[in-house]
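Visitor:
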Amino acid sequence: MDALAEMKEMVRRLNEAADAYYSGRGELMTDFEWDAMFDALKKLESETGVVLPDSPTSKVSSDSLAGRREAHETPALSLAKTKSVSELAKWCEGRPVWISWKLDGLTLVATYDGGSLTRIVTRGDGHYGTNITHLAEGILGVPAKIACEGHLVVRGEAVISYADFESFIASSQEDYANPRNLASGSLTLKDVEELKARRLRWKPFTLVKSDREFKSWGECMDYLDSLGFETVERELVATPGEAELMGAIDRWTVKVTDGENPYPVDGLVVTYDDVAYSATGSVTGHHATRAGIAFKWQDETAATKLERIEWSCAVASISPVAVFEPVNLEGTVVKRASLCNVSECERLGIGGPGTELKVIKANKIIPKVVEVTRGEGALEIPATCPVCGAATELRVSQSGTKTLRCSNAKCPARELRKFMRFVSKAGADIDGLAGETIAKFVNAGWVKSFGDLYRLGSHRDEIAAMEGFGEKSADKIVAAVESARECDAVKLLVALSIPLCGPDVARRLLSRHGFRELFEAAAQDGAEEVFASIDGIGPGKAAAFVAWCRDGENIAMLDDLLGEVRVKEYSAPQGGRCGGMVFVVTGELGVFAGRDAFKEYVVAQGGKVSGSVSSKTSFLVTNDTSSGSSKNRKAAELSVPVITEAEFIERFGGGGSPS
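Position 188 of the sequence shown, counted from 1, bears residue number 1149 in this note's numbering, the numbering being contiguous throughout.
Written out as structure tokens, the structure reads:
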């Protein structure tokens, strides 16, 4: 293949991968592969003097989100990058610089006028982005109001933490390769509440425009902090020689490898403190030469051999995990790496035991197979589920991604969301059992029913021997299980994942019957009509509850569970401080332990909590009374009083105040 043909093929593959990356679809190549091919393309362009019109070296990669495209006031250009500390020192020119995270998410630009959010636009191609202002309420860290009366434009990164990503994947029917993939895919949603559940958080990393003048980038960021923004972490390097820069980079690298930073990053950003000087650079390709530079770590690569493929079950799929001969990477021993799905195995050419691999720790954290250097045998895709033994199915998504799934709707792995709900704070409240941990226990065959969670103590030594646990972790899990054996009746009923049975329904049912008697009553003739007559239940919820109670498997599971726990019966609190009133709550609460606690108090005091503002609403409770949210606007339209949480407590009690 001649150089021009090779460049065309590189451009095609890089653009296809970038489009998938920025649009939240399946990953077509790793960051490691993309960077290597990008650098190889730049080298060929330099040697030949030819730059193809659609080369990613001369344009900003763009998302393909549907929606209204709008021009940026100031182009959102990408940063030049380097992996060399000496090159970085040369760029700094001895001038004071700031180091901050290069967060691995989706860049969003927010505009404020007169203290109110007026629009949010994706970076797009750097000149035009997609307007997603309608999703603002669903993105954490985007205030609707700020104490700034002028014009303000802020650029930041929308990211999802590793912990929130693992929690979402463990309880979702959707396939995403990494937090970055989930973040970009989330902006295709139309439902704000669904977006909120993904905990996408916006972290501003620069002030683009302001009516105020600043000489220092550090002062700009401090100003954003004073307005209530959660800006990116940063450090000033006053005299950036090679030694000083290397010291700073080492400090930030430790933060990555020790897990101090909860968000995915793909390097560091270095920015001049002198705002005026940074604006004097020229634009080369799609980089502003002095606007900043990205420092990317050299990925340490190790060669190893595949020992076996383990198939790990979760809610949505059965995922392949490469287990290989242990290698030392970034100061730790690595012997496992997720391969995500069947398509990724095929793309890499994963074979059987003995296949020779190259592995890295992507961005110093995630073990990743990046290359097969010699195949050995063929990949064997299991015909049966490793958890329940039912037949497996190979499914292909709209984007062409192949995933393996279990055909058994009652497979414990497919019901992982139920186990997660059971152990949650709203449920049985078993501390320390996150989704990823439960998934490991399900895959090990230890958890097939709710009662099994309370028998984890019999696997204490096996838990201690599992990768990522140890003696202390095992002891903590066993202690947490033991301390959760006494269960509040309302929470236990919610924990069972009975359709339509949330805390409010549970309280109403348990106000009529004791916990065990409730299920006995549901088995009687005419139970649906009896339950439907309970205030606030109605025919639909009654039918769902009775149907669940008449399923023999459910009752067998419940009987087994009740042999492991002690139920603290529900006693309906008496009070009338909220009698006859309807409350709506929006935004974060600071005194009540979440909205469920707020609702529980209001109901106990004779009131109701609704999810939407209407003419029947007595009060809207929010700690941001000046917010431009849809609920605040509706309250103003209907003349519904808006009060803060503190005002609610002062008037109606609760939140730890005397009742």
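Positions of the beta carbon are idealized from the N, C-alpha and C atoms, including for glycine. Note that the structure is predicted; figures quoted are calculated from it, not measured.
(1) Under the assumption that S1145 contacts L1067 (Cβ atoms under 8 Å), give the Cβ distance between them as a whole number of angstroms.
(2) Compute the beta-carbon to beta-carbon distance between I1081 and T1094, rounded to the nearest angstrom, for a pair I have assumed lies under 8 Å.
(3) For P1287 and I1254, I'd like the C-alpha separation in whole angstroms.
(4) Closer than 6 Å by C-beta to L1522: which residues in its own chain qualify, once you throw out the five before and the five after it? Chain order, please.
(5) Compare the beta carbon distance of T1605 and V1574 with 9 Å and say whether it is the shorter of the two.
(6) Scan the stretch 1313 to 1367 and note each continuous beta strand (DSSP E) run of 3 residues or more that stays entirely inside, going in chain order.
(7) What is the DSSP secondary structure of P1619, reduced to helix, strand or coil?
(8) Quick one: is T1334 buried, meaning 16 or more other Cβ sit within 10 Å of its Cβ, or exposed?
(9) Please classify I944: does DSSP put it in a helix, a strand, or coil?
(10) Buried or exposed for L1479, going by 16 or more other Cβ atoms inside 10 Å?
(11) Is it right to say N1302 is buried, meaning 16 or more other beta carbons lie within 10 angstroms of its own, or is it exposed?
(12) With D1211 as the anchor, note down where its alpha helix (DSSP H) starts and where it stops.
(13) Have a look at L1168 and R1116 and give me their C-alpha separation to the nearest angstrom.
(14) For E1447, list the residues DSSP reports as bridge partners.
(15) I'd like the span of the alpha helix (DSSP H) that includes G1412, first residue to last.
(16) Please state whether the Cβ-Cβ distance between K902 and W1258 is less than 9 Å.
(17) Using DSSP with H/G/I as helix, E/B as strand and the rest coil, what is K1502?
(18) Which whole runs of the beta strand (DSSP E) in the stretch 1051 to 1100 are 3 residues long or more, in chain order?
(19) From P1500 to F1544, what does the alpha carbon distance come to, in whole angstroms?
(20) For R1084, which residues of its own chain have a beta-carbon under 6 Å away from its beta-carbon, when the five flanking residues on both sides are left out?
(21) Where do the N-terminal and C-terminal ends of the beta strand (DSSP E) with A1158 fall, by residue?
(22) Name the DSSP beta bridge partners of Y1233, please?
(23) Among residues of its own chain, excluding the 5 on either side of N1092, which ones have a beta-carbon nearer than 7 Å to its beta-carbon?
(24) Return helix, strand or coil for C1274, following the three-state DSSP convention.
(25) Relative to the alpha-carbon of A1405, which residue among N1222, P1223, A1374 has its alpha-carbon at the smallest distance?
(26) Who are H1112's beta bridge partners in DSSP?
(27) If you draw a straight line from the alpha carbon of D1227 to that of D1065, how long is it in whole angstroms?
(28) Straight-line CA distance for L1078 to E1354?
(29) On the three-pair Cβ rule with 8 Å, is the stretch 1282 to 1301 touching the stretch 1222 to 1241?
(30) Can you tell me where the alpha helix (DSSP H) holding S1147 begins and where it ends?
(31) What are the boundary residues of the beta strand (DSSP E) that R1030 is part of?
(32) Hey, K1319 and V1331 are a contact pair by Cβ (cut 8 Å); roughly how many whole angstroms apart?
(33) Pair every Cβ in the stretch 1195 to 1203 with every Cβ in the stretch 1045 to 1057, then say whether three or more of these pairs are closer than 8 Å.
(34) With distances taken from CA atoms, which of D1486, P1460, A1484, V1455 is nearest L1471?
(35) In terms of residues, what are the limits of the beta strand (DSSP E) holding I1254?
(36) From this set, S1280, I1060, R1308, which residue's C-alpha is nearest T1214's C-alpha?
Guide: Result, derived from the coordinates:
(1) Working through the sequence shown from its first residue, we reach residue 1145 at position 184. Working through the sequence shown from its first residue, we reach residue 1067 at position 106. Confirmed, about 5 Å.
(2) Here the question's residue 1081 lines up with position 120 in the sequence shown. Here the question's residue 1094 lines up with position 133 in the sequence shown. So it is a contact: roughly 5 Å between Cβ atoms.
(3) Residue numbering aside, residue 1287 sits at position 326 when the sequence shown is read from its first letter. Residue numbering aside, residue 1254 sits at position 293 when the sequence shown is read from its first letter. Approximately 35 Å between the Cα atoms of the pair.
(4) Residue 1522 sits at position 561 when you count from the first residue of the sequence shown. Excluding residues within five positions, the ones whose Cβ falls inside 6 Å are F1411, G1412.
(5) Start at 1 with the first residue of the sequence shown, and residue 1605 comes out as number 644. Start at 1 with the first residue of the sequence shown, and residue 1574 comes out as number 613. Not in contact: T1605 and V1574 (Cβ atoms no closer than 9 Å).
(6) 1317 to 1323, 1327 to 1335, 1353 to 1357, 1363 to 1367
(7) On the sequence shown, residue 1619 is found 658 positions in, with the first residue counted as 1. With a pLDDT of only 39 at P1619, under 50, the local geometry of the prediction cannot be trusted, and no value is derived from it.
(8) Counting from one through the sequence shown, the residue named residue 1334 turns up at place 373. T1334 comes out exposed.
(9) The requested residue 944 is not part of the displayed model; the chain covers only 962 to 1620.
(10) Against the sequence shown, residue 1479 aligns to sequence position 518. Buried, because 16 or more other Cβ atoms sit within 10 Å of the Cβ of L1479.
(11) Counting from one through the sequence shown, the residue named residue 1302 turns up at place 341. N1302 is buried by the Cβ-count criterion.
(12) Residue 1211 sits at position 250 when you count from the first residue of the sequence shown. Taken as a continuous stretch (DSSP letters only), the alpha helix (DSSP H) holding D1211 covers 1203 to 1218.
(13) On the sequence shown, residue 1168 is found 207 positions in, with the first residue counted as 1. On the sequence shown, residue 1116 is found 155 positions in, with the first residue counted as 1. Approximately 6 Å, taken between the alpha carbons.
(14) Residue 1447 sits at position 486 when you count from the first residue of the sequence shown. E1447 is bridged to R1527.
(15) For the purposes of this step, residue 1412 is taken as the residue at position 451 of the sequence shown. Unbroken alpha helix (DSSP H) run through G1412: 1411 to 1414.
(16) No information on residue 902 is available, as it lies outside the stretch 962 to 1620 that the chain covers here.
(17) Your numbering for residue 1502 matches position 541 in the sequence shown. Reduced to three states, the DSSP call for K1502 is helix.
(18) 1058 to 1064, 1067 to 1074, 1077 to 1083, 1089 to 1091
(19) Numbered from 1 along the sequence shown, position 539 holds the residue referred to as residue 1500. Numbered from 1 along the sequence shown, position 583 holds the residue referred to as residue 1544. One C-alpha to the other measures close to 25 Å.
(20) On the sequence shown, position 123 is the one that residue 1084 refers to. Correct list, in chain order: A1037, T1068, G1090.
(21) Residue 1158 sits at position 197 when you count from the first residue of the sequence shown. Run containing A1158: none; DSSP gives neither H nor E here.
(22) The residue you call residue 1233 lines up with position 272 of the sequence shown. Y1233 is bridged to V1058.
(23) Start at 1 with the first residue of the sequence shown, and residue 1092 comes out as number 131. Excluding sequence neighbours, N1092 sits near G1028, R1029, E1031, R1080, V1082.
(24) Reading the sequence shown from its first residue, position 313 is the one you call residue 1274. If DSSP states are grouped into helix, strand and coil, C1274 belongs with the strands.
(25) Residue numbering aside, residue 1405 sits at position 444 when the sequence shown is read from its first letter. Among N1222, P1223, A1374, the Cα nearest to that of A1405 belongs to A1374.
(26) Within the sequence shown, numbered from 1, the residue matching residue 1112 stands at position 151. For H1112, which the question treats as bridged, DSSP gives the partners D1074.
(27) Residue mapping note: residue 1227 aligns to position 266 of the sequence shown, counting from 1. Residue mapping note: residue 1065 aligns to position 104 of the sequence shown, counting from 1. If I take the Cα positions, the gap works out to 6 Å.
(28) Position 117 of the sequence shown, counting from 1, holds the residue named residue 1078. Position 393 of the sequence shown, counting from 1, holds the residue named residue 1354. Taking the straight line joining both Cα atoms gives about 47 Å.
(29) no
(30) If you number the sequence shown from 1, residue 1147 lands on position 186. Note, S1147: alpha helix (DSSP H), 1140 to 1147.
(31) Counted from its first residue, the sequence shown places residue 1030 at position 69. It spans 1030 to 1032 - the beta strand (DSSP E) in which R1030 sits, taken as one unbroken run.
(32) By 1-based counting over the sequence shown, the position of residue 1319 is 358. By 1-based counting over the sequence shown, the position of residue 1331 is 370. Confirmed, about 5 Å.
(33) yes
(34) Locating residue 1471 in the sequence shown gives position 510, where the first residue counts as 1. The shortest Cα separation from L1471 among D1486, P1460, A1484, V1455 belongs to V1455.
(35) Here residue 1254 refers to the residue found at position 293 when the sequence shown is read from its first residue. Its beta strand (DSSP E) spans residues 1254 to 1256.
(36) Residue numbering aside, residue 1214 sits at position 253 when the sequence shown is read from its first letter. Residue I1060 is the option with its Cα nearest to T1214.
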